[in-house]
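Residue numbers (this note's numbering), protein chains in the order written: chain E, 1 to 109; chain G, 1 to 114.
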Amino acid sequence: AQRVTQPEKLLSVFKGAPVELKCNYSYSGSPELFWYVQYSRQRLQLLLRHISRESIKGFTADLNKGETSFHLKKPFAQEEDSAMYYCALSVDSWGKLQFGAGTQVVVTP
Amino acid sequence: NAGVTQTPKFQVLKTGQSMTLQCAQDMNHNSMYWYRQDPGMGLRLIYYSASEGTTDKGEVPNGYNVSRLNKREFSLRLESAAPSQTSVYFCASISNFEGLHGYTFGSGTRLTVV
């Protein structure tokens with residue numbers, strides 16, 4: 001069965017420090033992975049998808065098939081990065097997503 | 001361009017009452033989804049509709065029914081609400097099956113069942 005694990009419920013970092021959110025997955029097929037973000041009082045929105053290899057708001061994520069990981073990284077955290085982050089795995093061609101439990105990031109000045 | 005619109009935003013129900021959560025999208029998307037969000041559990045898929053006229057169960061369908069009224073609208077019904085259905089409900093849509101472009105989410109419905 002597919003599974004997405006985000007081991008950290010809460011990540012507290014200082015402004016300007018690096019931040020890394022861990023995501024591990026289990027899936028027998030070829031994975032398509034995403035990071036979604038939910039800022040306070042806003043709706044969930046797509047942050048990154050691994051196939052695009054984009055850098056959004058300074059965040060990057062690399063798919064490591066050997067370690068079955070898709071960690072999200074940013075070298076210098078900003079206060080506006082405080083939010084809930086979800087890692088998600090596309091499980092079939094019908095667009096269904098398997099979400100992790102989420103990591104709450106708090107960036108303090 | 002409204003995107004995905006959900007109503008109501010908040011609702012309190014008594015155990016056993018019924019209600020329908022409404023979702024509409026104006027992006028001409030084929031596929032629509034209903035998720036529930038619970039602390040420590042992330043988002044779990046309740047039902048989805050790959051295209052107009054089709055619906056299928058997700059991970060946690062028990063206690064819910066859905067209707068894909070037309071291409072724009074996808075409603076979620078609770079026939080007899082239970083406290084375990086207290087949650088935040090999100091509707092989402094996507095333009096293609098492969099999910100390459102990511103979901104567009106609604107703003108959510110916060111439901112409390114007492």
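All C-beta atoms, glycine included, are put in the ideal place defined by N, C-alpha and C.
Predicted, not measured: the structure shown is a model, and the values here were computed from it.
Where residue i falls, given that 16 or more other Cβ within 10 Å makes a residue buried
i              : result
residue 79(E)  : exposed
residue 96(E)  : buried
residue 54(G)  : exposed
residue 14(E)  : exposed
residue 106(G) : buried
residue 81(E)  : buried
residue 32(E)  : buried
residue 28(E)  : exposed
residue 12(G)  : exposed
Whole-number beta carbon distance between residue j and residue i, since they are thought to touch under 8 Å
i              : j             : result
residue 82(G)  : residue 20(G) : Contact flag wrong, Cβ pair sits at about 16 Å.
residue 103(G) : residue 46(E) : 7 Å
residue 37(G)  : residue 87(G) : 6 Å
residue 49(G)  : residue 74(G) : 5 Å
DSSP-derived helix/strand/coil call for residue i
i              : result
residue 73(G)  : strand
residue 38(E)  : strand
residue 22(G)  : strand
residue 81(E)  : helix
residue 45(E)  : strand
residue 84(G)  : helix
residue 52(E)  : helix
residue 64(E)  : strand
residue 24(E)  : strand
residue 104(E) : strand
Neighbour flag for residue i against chain E, beta carbons, 8 Å
i             : result
residue 90(G) : yes
residue 75(G) : no
Chain G contact for residue i (CB, 8 Å cutoff)
i             : result
residue 57(E) : no
residue 66(E) : no
residue 45(E) : yes
Boundaries of the beta strand (DSSP E) in which residue i is found, first to last residue
i             : result
residue 72(E) : 69 to 74
residue 46(G) : 42 to 49
residue 60(G) : Run containing residue 60(G): none; DSSP gives neither H nor E here.
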